[in-house]
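Comments concern the structure below.
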Amino acid sequence: MTVLRQRVDRGGPLWSGRPGHGERCTRPRRTCAFRRRYVDRESDDRGRTRMQPEVSEAYRGAVDRLAGPDIREHRAALRELEELAQADPAQRQAVADAVCAYLRAPVVRAAEQAAAVATLADLTRRPTTDDADCLDIDLTGAVLPDVGFSGCRFGRVRFTDAHFRGVSVFDGARFAGEALFERAVFEGDACFAGARFGGVAVFGRTRFRAGADFSGALFRELAWFGRGEEALPEDEEAWEEAERWRPVVRDELNEDDPLWPVAVPEEDYQSWEEGGDGARFHGRVSFAYARFEAAAWFWKARFGGEAVFHASVFGGRVHLVQPAADLTGARLSATARGEDQVWPFGWTTPGPGGSLVPDDSVAPYHRQLADPGTRLTGLRLLGELGDTKPELRQRIADTVCAYLRTPLPFDLRTLTPSQSDDVRTRQEAQRLLTGRTRPSPGHPLWEDLHLHLSGATLIDFDARACRLAYGDFTGTQFHGRTTFAGAAFGHVSFTLPHTRDGRASFHGPADFSDALLPHGPLHHCLFHTDSSVRATGTAQDLVRTLLAARAAPAPADLTTAFRAALLAAGSQTPDNLAAAQHLEYGTVPGPSYAPERERSGLKLTGTDILVSDLAWRIEDLPIPPSVAEALPGLTSEQWSAATRVITLLLSALETD
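Add 90 to the 1-based position in the sequence shown for the working numbering, that's all there is to it.
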């Protein structure tokens, strides 16, 4: 059975399908995955059922009516279940499970949703004697109205992929176990003021589209606001469950969906910095007076408004580089002194007591990028500072990249005068990075820089002739005219490693002429204006035709054009003639977790296999075992055709 799966085949790539027997990760593991799912939902529910007393006939009857087709019976069934829980506290967990299952159902009317949420709140707010009495809640993928869980006591909660459509109140709530909110979407204000997280708190890739308030919250274990992928062990049974995961549809301004993954094998990420997008805060967020007793991880998190950390306390490892963060009065606890902390540029902890204070060594710069009124001044100060102090250049680049990764709150197609000013400021930030990494007589060259621009919105990005050690453009949205002509990278990524997930998108013309892009192939990227894509090599027509795979109005015409371009680029050799007959343009279903995300492209004739999905093992003949396992219907002739055309494409795109 095919499941949502990306595994490591020794030698490099990730492939969809079950792992082969005996295949294990042999890479050294530097840092374990941020969290391990110890039991899947089915085994957890089975274990819980064994521990619960026999449920009553009244319970079974109420559950049957709740699941029945008569909407009028649902409200009555909810009332009966709540009364049963009050009369027999031993059945509280069973009642909570039934209500959660009801809320996870695909179609529930708003009035019944509100009644079910109120029932859960009453159940979890009842006086309890210890954490063992706290209720586990599983609302994975649920669509929820306004929720009021203030003061509730939870055990383990799962709000993974939940869609909160109203105001969400968790003020003063207690989470005894792990609290999982990865990939959840909060449309209204999200209030966690004074909440207590006793276990791991996971907000990976969570989207807060209004305000978020964590002021006074206590995080006793890891507070995770980084990537949103579920890291699962090789033998985890939850891979079967992963087929059913449905992330909330991504409809962000100025972006298409980079197809960030929802799950990866635990071994594939060896450090916390790897992976896809982090949490996104569109509005103001407050962590004022919050206490992080373990790690506080905000790598790749994005702040679109104020990020207030006034008087917060950090007790472990920290990664927080976003210039919007205001750390006035924040400090380190004694337990944090031996841990690594990465702070926004301009903050430091030099004195006793671990207090965070402005860094005088980088004056006069201090938080100018956080204020729209002083950003241009801040960019000028940062550029001048880097020109005179080479040891600060990478930190300055990280700061500017973090600014460019802030979500844009307006549509780039219809700009007001003030919005046009914001765009010009972003373009000035881009020029700070590209202008100083492009050799120019009489100007200092910032060498060996790493640009972390994953998920950024870049406008008229001009990287002509730039020299960079590394560029991370996974999920990046390129608007306007983009050029990498003559650029050279030591390493560059336009998708997550060895997969089509997290792909960059080009919304306007793009030029890669004479670009050196090692390990950064473009065949998974999305080009919205394919006819304007330029590259290097004699196979220019082949490149343009291939890139048109994603917007094919007439697949038959594109197939004919491609075959002609292939034979013109590589001559009418037997290999090329054979390849032309095995390849056509068409549409294939999306991945198993989102089949509705169809993809158009060059594919093997008569199959649902895109050529781009085979690009990672083109050097292997015959068919590699891992590919044969994932695609058992693939013939040697089809494999030969695919490798032939991929070789020609890469030679055209990546000519040095």
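Every residue gets a Cβ at the ideal spot worked out from N, C-alpha and C, and that includes glycine.
With a cut-off of 8 Å on the beta carbons, I'd call Leu459 and Thr489 a contact; round off their distance for me.
7 Å
Measure the C-alpha to C-alpha separation of Phe388 and Thr296 and round it to an integer number of angstroms.
Their backbone Cα atoms lie some 12 Å apart in a straight line.
In the segment 383-450, which residue ranges form an unbroken beta strand (DSSP E) of at least 3 residues, counting only runs that do not cross its ends?
Taking 3 residues as the minimum length, the segment 383-450 contains no beta strand (DSSP E) run wholly inside it.
Does Ala642 pass the burial test, meaning 16 or more other C-beta atoms within 10 Å, or should it be called exposed?
Low confidence applies to Ala642: its pLDDT is 48, below 50, so where it sits in the model is not reliable enough to give any reading.
I'd like to know if the segment 305-315 and the segment 326-344 are in contact, where contact means that at least 3 CB-CB pairs between them fall below 8 Å.
no
Secondary structure at Val701, three-state DSSP: helix, strand or coil?
helix
In three-state DSSP terms, what is Glu170?
helix
Leaving out five residues on either side along the sequence, give the residues of the same chain with a beta carbon under 6 Å from the beta carbon of Arg246.
Asp226, Gly267, Glu268
Where Cys190 falls: helix, strand or coil (DSSP):
helix
Could you tell me which of Val189, Glu396, Ser726 sits nearest to Ala208, measuring between CA atoms?
Considering only alpha carbons, the answer is Val189.
Going by the CB atoms, is the gap between Ala414 and Phe393 shorter than 8 Å?
yes
Does DSSP put Trp314 in a helix, in a strand, or in coil?
strand
Could you spell out the range, first to last residue, of the beta strand (DSSP E) harbouring Arg557?
557-562
Opposing strand residues paired with His542 [DSSP bridges]
Asp562
Could you tell me whether the segment 462-469 touches the segment 509-520, using the rule of 3 or more Cβ pairs below 8 Å?
By the Cβ rule, the segment 462-469 counts as touching the segment 509-520, because three or more pairs are nearer than 8 Å.
Is the beta carbon of Val398 sitting closer than 8 Å to the one on Ala378?
yes
Residues that Cys761 bridges to, as DSSP identifies them:
Outside the displayed range of the chain (91 to 746) lies residue 761, so it cannot be described from this structure.
To the nearest angstrom, how far is the alpha carbon of Ala504 from that of Leu498?
Reading off the sequence, residue 504 comes out as Thr, not Ala. Answer to the nearest angstrom: the Cα atoms are 13 Å apart.
Does the beta-carbon of His533 have 16 or more other beta-carbons within 10 angstroms, so that it is buried, or is it exposed?
exposed
So what does DSSP say about Cys281, is it helix, strand or coil?
strand
Status (buried if at least 16 other CB within 10 Å, exposed otherwise) for Ile161
exposed
Can you list, in chain order, the residues of its chain whose CB lies under 6 Å from that of His253, leaving out five sequence neighbours each side?
Contacts found: Val233, Val275, Val338.
Measure how close the beta-carbons of Glu688 and Gly680 come, nearest whole angstrom, since I'm counting them as under 8 Å.
6 Å
Taking all protein chains shown into account, do 16 or more other C-beta atoms lie within 10 angstroms of the C-beta of Gln671, making it buried, or fewer, making it exposed?
exposed
On the three-state DSSP scale, how would you describe Glu751?
Given that the chain is displayed from residue 91 to residue 746, the structure contains no residue 751 and the question cannot be resolved.
Round the Cβ separation of Phe602 and Phe617 to the nearest angstrom and send it over; I've been treating them as touching at under 8 Å.
Not really, about 11 Å apart at Cβ, beyond 8 Å.
Alpha carbon to alpha carbon, how far is Trp437 from Asp449?
Cα to Cα, Trp437 sits roughly 5 Å from Asp449.
Could you pull out every residue in the same chain whose Cβ sits closer than 6 Å to the Cβ of Arg734, ignoring the five residues on either side in sequence?
Annotation for Arg734: Asp665, Ala669 place their beta carbon closer than 6 Å to its own, counting only its chain and skipping 5 residues before and after.
Just to confirm my understanding: we take Thr695, look at its own chain, exclude 5 residues before and 5 after, and list those with CB closer than 7 Å. What are they?
His672, Leu673, Glu674
Residues of its chain near Arg310, where Cβ-Cβ distance is below 6 Å and the 5 sequence neighbours each way are ignored
Gly288, Glu383
On the three-state DSSP scale, how would you describe Asp488?
helix
Alpha-carbon to alpha-carbon, Thr572 and Gly476:
25 Å
To the nearest whole angstrom, what separates the beta carbons of Leu322 and Pro355, a pair I think is in contact under 8 Å?
6 Å
Exposed or buried, what is Ser361 when buried is set at 16 or more other beta-carbons lying within 10 Å of its beta-carbon?
When all chains shown are included, Ser361 counts as exposed.
How many angstroms separate the CA atom of Arg554 from the CA atom of Leu522?
13 Å
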